[in-house]
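This is how it looks when you write it as structure tokens:
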């Protein structure tokens with residue numbers, strides 16, 4: 274099977290001067306279960322590479338002070354018992370990383386072993402393990418768990434600085450956040466080969482991510498240029514005049530960002546405000562964050578007076594000059610609900626004199642979005658994203674389209690799930706940057 278793509282963006286890396294036209298086609302062909310052929314027919318370049326499967330990691334006698342009771346009704350598979358440390362990704366685990374046949378539990382110096390289904394049970398997809406009360410594993414007694422798991426990895430096919438040869442650079446395996454290998458000066462990344470968590474039987478087109486663009490296209494970002502002048506005039510005037518501006522970031526766990534290495538630096542709103550200060554150095558910007566992990570606008574509106582997250586007391590009472598609204602947890606809303614809900618929010622903030630920016634949500638687990646792949650996903654399939662865009666356009670509200678940027682990551686050779694710190698829906702700092710990028714495009 275052959276995959277053809279264009280070497281777009283190579284002028285940025287100086288390759289055009291080496292004789293490559295920007296419409297020169299390059300091919301990546303599956304040449305076997307674990308082999309690929311990369312070529313530029315017009316230049317006579319061709320190379321064959323063997324991709325090595327990711328080696329499984331063997332964990333021997335991982336000690337736990339006790340094994341909790343198995344809870345088959347828990348919402349997440351990792352919550353049904355203890356979450357195996359090897360497959361942990363932030364507060365969750367990486368689905369399918371565990372080799373389901375490898376799990377063994379022993380106890381004590383005798384090495385007594387226990388049987389699944391009799392003494393313990395496990396969600397083998399997610400790596401959640403717990404004892405069965407009728408079994409032989411006693412509560413409060415240390416246990417040893419032995420198992421294997423296979424982390425994720427990203428390899429890169431790279432062109433040298435002279436544009437005359439290809440090489441394969443292996444990536445470093447990581448259970449949740451694998452990174453493509455670093456390049457040396459002058460090299461150009463041609464394609465990434467993505468091996469997801471768990472055993473990969475053979476390569477398919479789903480594993481190959483050609484680098485079709487070096488970054489989010491300037492022409493797509495340009496369509497938002499001037500939005501602040503038109504839709505956020507008071508905010509822009511204050512920024513330019515060096516005045517006082519209070520910004521409220523309102524959202525869910527993505528806005529809370531408690532899972533980030535440095536939330537005061539890494540959260541999307543912190544990156545956004547930092548970049549605003551660079552662009553408008555005389556402005557005095559106050560950032561206020563109101564966020565409720567695992568919840569949505571419906572729940573905010575339902576909270577009674579005195580609640581920690583009461584809408585009137587914790588959101589409207591801030592009286593911000595600008596509010597930026599992020600709710601991936603609203604992504605289940607239908608068009609009618611979006612229009613009804615956000616009409617209310619918009620009216621409430623208008624009454625305060627607050628200008629509004631709506632954010633489309635980032636991409637989350639493919640199966641949660643009805644996607645079967647992390648490739649060819651330019652168009653967000655969620656009704657909520659489409660409805661939010663339409664609502665913003667109809668009501669002259671500023672829109673920061675983070676979803677559009679996530680939808681093009683595959684074109685940059687990036688499987689978007691590798692930017693999720695919990696491998697589900699919590700962006701890492703690089704993932705948070707896409708929100709800040711979309712927000713800053715309004716001020717260009």
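In this note's numbering, the protein residues as written are 274 to 717. Positions of the beta carbon are idealized from the N, C-alpha and C atoms, including for glycine. Computed from a predicted structure; not experimentally measured.
Query, Result
"Proximity of residue 671 and residue 634 at Cβ, strictly below 8 Å", "no"
"Neighbour flag for residue 705 against chain B, beta carbons, 8 Å", "In summary, chain B is missing from the structure at hand, where a single protein chain is found."
"Helix, strand or coil at residue 636 [DSSP, three-state]", "coil"
"Cβ-based burial, residue 594 [other Cβ within 10 Å; buried from 16]", "buried"
"Length of the line joining the Cα atoms of residue 515 and residue 626", "19 Å"
"Three-state class that DSSP yields for residue 603 in the structure shown", "helix"
"Whether residue 400 touches residue 360 by CB criterion (8 Å)", "yes"
"From 610, 336, 410, 319, residue whose alpha carbon lies closest to that of residue 342", "410"
"DSSP state of residue 641 mapped onto helix, strand, coil", "helix"
"Beta-bridge partners of residue 441, as assigned by DSSP", "430"
"Short Cβ contact (8 Å threshold) for residue 392 with residue 376", "no"
"For residue 683, three-class secondary structure by DSSP", "helix"
"Opposing strand residues paired with residue 461 [DSSP bridges]", "432"
"Those runs of the alpha helix (DSSP H) which lie wholly inside the region 664-712 and span at least 4 residues", "675-680"
"Buried/exposed call for residue 312, threshold 16 Cβ in 10 Å", "buried"
"Beta-carbon proximity list for residue 498, same chain, < 6 Å, skipping 5 on both sides", "717"
"Beta-carbon contacts of residue 546 that lie in its chain and below 6 Å, excluding the five residues immediately before and after", "558, 560"
"Residue 482, enclosing beta strand (DSSP E) - first and last residue", "481-483"
"Beta-carbon proximity of residue 581 to residue 664, cut-off 8 Å", "no"
"Stretch pair the region 495-510 + the region 464-473: three plus CB contacts closer than 8 Å", "no"
"Span of the beta strand (DSSP E), counted from its first residue to its last, around residue 395", "393-396"
"Close-in-space but distant-in-sequence residues of the same chain around residue 563 (CB under 6 Å, 5 per side omitted)", "523, 587, 588"
"One or two residues paired with residue 386 in a DSSP bridge", "379"
"Cutoff 6 Å; reference residue 365; Cβ partners in own chain excluding five residues on either side", "351, 695, 697"
"Distance between beta carbons of residue 673 and residue 711, contact taken as under 8 Å", "4 Å"
"Secondary structure of residue 611, DSSP reduced to three states", "helix"
"Reference residue 481; option with closest CA among 530, 487, 467", "467"
"The region 682-696 contacting the region 441-451, beta-carbon criterion three pairs below 8 Å", "yes"
"Option in 421, 439, 338, 568 with minimal Cα separation from residue 317", "439"
"When 442, 424, 357 are compared against residue 322, the one with the closest alpha-carbon", "442"
"6 Å CB neighbourhood of residue 475 in its chain, flanking five on each side removed", "306"
"Distance, residue 420 Cα to residue 796 Cα", "It is not possible to answer for residue 796, since the shown part of the chain is limited to 274 through 717."
"Alpha helix (DSSP H) runs contained entirely in the region 319-386, provided each spans 4 or more residues", "none"
"Proximity winner among 456, 397, 329, relative to residue 355 (alpha-carbon distances)", "397"
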